[in-house]
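Numbering (UniProt numbering), first residue to last: 1 to 192.
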């Protein structure tokens, strides 16, 4: 159900960018619910034949402590913005999860694993991140634009289509030129 809702959100856009963000937050909450159910049932899952797959997935998306250049630049901007410990912690987790997904995409040749990594990032997020998107916090929208680079990478896949380009362009327009440095990498990805 989550994948179908993601497709509806990304591909079947109705209205303006604000409406898209509202729908993305709705999808995000549903996806977060899936994570909550899995977390609560983790001890039960460990006693089933599904355990090896779930354990492999957790290991695959565990942050290795190293940020690539694009995620490091983004985190540096966040740290310099002096947003306070709580916001910075939420954003750091989002950027580290994004890097984990990038690592999976860049470290594997199998296309289906890369596509899975793109759909995994929202599951890795904390609910507070979705709330920050809902509040239209600029930094959260910038992180969403960075996530859109993953969507854009697989734009030929039916589930994502042109959604990555749409998000990058809309976030850039919504935030305006004063946020240009923050969205430089997503726009570079879009041009390449």
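Think of the CB as a built atom: it goes at the ideal place given N, C-alpha and C, for glycine as much as any other residue.
{"query": "At least three beta-carbon pairs within less than 8 Å, the region 123-131 to the region 77-84", "result": "no"}
{"query": "Own chain, CB closer than 8 Å to residue 130, minus 5 neighbours either side, in chain order", "result": "25, 28, 29, 32"}
{"query": "Residue 175 (DSSP reduced to helix, strand or coil)", "result": "helix"}
{"query": "Rounded separation between residue 155 and residue 162 - CA only", "result": "6 Å"}
{"query": "Residue 153 Cβ short of 7 Å to the ligand ADP heavy atom set", "result": "As far as ligands go, the structure on display features none, and thus does not contain the ligand ADP."}
{"query": "Spatial distance of residue 102 from residue 150 (CA atoms)", "result": "8 Å"}
{"query": "Presumed contact (8 Å Cβ cut-off) between residue 186 and residue 145, rounded CB distance", "result": "4 Å"}
{"query": "Outcome for residue 121 when other beta-carbon atoms lying within 10 angstroms are tallied against a minimum of 16", "result": "buried"}
{"query": "Three-way DSSP call (helix, strand, coil) for residue 81 in this model", "result": "coil"}
{"query": "Local Cβ density within 10 Å of residue 18, reported as buried at 16 or more and exposed below that", "result": "exposed"}
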